[in-house]
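A short write-up of the structure that comes next.
Here you go:
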């Protein structure tokens with residue numbers, strides 16, 4: 125959406141029906157929306173998104189604060205490698221992904237304490253079914269494979285409370301201290 129001149133025009137384009145059989149399209153700033161785009165919004169979704177859009181920056185700021193809290197509280201815990209933010213960057217922290225030698229074990233431990241985690245992209249892109257036809261084998265991109273096999277996403281969302289963050293952090297500390 126950031127590439128469009130105006131978010132309302134995009135939402136209007138997505139929710140406006142195209143005449144049947146015209147295979148029409150709408151272009152704005154080099155992006156094309158076609159009548160066969162399965163991601164098009166219906167009117168109800170557009171209304172909900174128009175209501176939520178003014179809240180987005182506040183939600184992003186809340187996630188930034190939660191990520192900063194994780195960073196402070198998890199620094200030096202176990203073998204965790206925390207995400208780094210490039211200088212001058214402004215991350216929205218859709219995911220807060222840490223790296224550890226055994227992400228499945230940590231996820232399992234946290235799960236027993238009622239903490240949901242995610243293994244987003246547990247396989248390197250070149251090993252995924254979508255790119256299998258390129259012929260790359262295991263070992264072709266060892267750094268990417270190591271990163272993919274060591275990542276675990278911790279809970280982060282707009283509205284996550286300080287006590288929820290502390291619960292996650294305390295459980296991670298306990299996991300590394302032998303449970």
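Numbering (this note's numbering), first residue to last: 125 to 303. Beta carbons: idealized from backbone N, C-alpha and C, even for Gly.
Within the same chain, and ignoring the five residues on either side of residue 282 in sequence, the residues whose Cβ sits closer than 7 Å to its Cβ are 183, 186 and 187. Ranked by Cα distance from residue 301, the first of 166, 286 and 202 is 202. Shown here for residue 277: same chain residues with a beta carbon closer than 7 Å to its own, the five before and five after excluded, namely 219, 220, 221, 241, 242 and 244 in chain order.
Bounds of the beta strand (DSSP E) holding residue 275 are 275-278. Under the DSSP definition of a beta bridge, residue 193 lacks any partner. By DSSP's assignment, residue 220 forms a beta bridge with 278. Residue 293 places its beta carbon 8 Å or farther from that of residue 239. Residue 179 and residue 172 have their C-alpha atoms spaced approximately 12 Å apart. Looking at the backbone, the Cα of residue 223 and that of residue 274 are separated by about 5 Å. Between residue 287 and residue 193, the alpha-carbon positions lie close to 11 Å from each other. Assigned with DSSP and collapsed to three states, residue 263 falls in coil, not helix or strand. Annotated as proximal: residue 289 and residue 190, with beta-carbon spacing under 8 Å.
Remark: C-beta atoms of residue 268 and residue 252 do not approach each other more closely than 8 Å.
Between residue 227 and the set 176, 270, 195 and 210, the nearest pair of CA atoms involves 270. In this structure residue 299 is in contact with residue 233, their Cβ atoms being roughly 4 Å apart against a cut-off of 8 Å. Around the beta-carbon of residue 272, 16 or more other beta-carbon atoms lie within 10 Å, marking it buried. Inter-residue distance for residue 250 and residue 210 is about 25 Å (C-alpha atoms, whole angstroms).
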